[in-house]
Amino acid sequence: MKLKRGMIIDVNLDPTLGSETGKIRPCIIVTNNTYNERVPVIQVVPITNWSQKKARI
28 MKLKRGMIID VNLDPTLGSE TGKIRPCIIV TNNTYNERVP VIQVVPITNW SQKKARI
C-alpha cells in the first residue's frame with residue numbers, strides 16, 4: 028500500500044514517555060506524497076478524539 032498525505036492509518040504509538048499518547052491509535056499522515064515515496068519515515072498526527080462539529084477545516 029502506498030502511504031499518501033491525508034490517509035488515516037492505525038499506528039502503535041508505544042513506547043511512550045510522560046504524557047505522550049500511547050496504544051494503537053488512528054493517525055493522519057501529514058508528510059507530502061513526494062517525501063513519502065523517497066524516505067522510509069513518515070510523520071503522523073494521532074487522532075485521540077473525534078467530534079462531527081469540529082470536523083470542518
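Sequential numbering of the sequence shown, starting at 28, is according to this note's numbering. For every residue, glycine included, the Cβ atom is placed at its ideal position computed from N, Cα and C. None of the values given here were measured: they were computed from a predicted structure.
In the structure shown, N63 falls within a helical segment according to DSSP collapsed to helix, strand and coil. The C-alpha of K31 lies about 9 Å from the C-alpha of T61.
Within a 10 Å sphere around the beta-carbon of I74 sit fewer than 16 other beta-carbons, which makes this residue exposed. Counting C-beta atoms within 10 angstroms of its own C-beta, I56 has 16 or more neighbours from the protein chains shown and is therefore classed as buried.
Our two residues, P53 and G33, have alpha carbons roughly 12 Å apart in a direct line.
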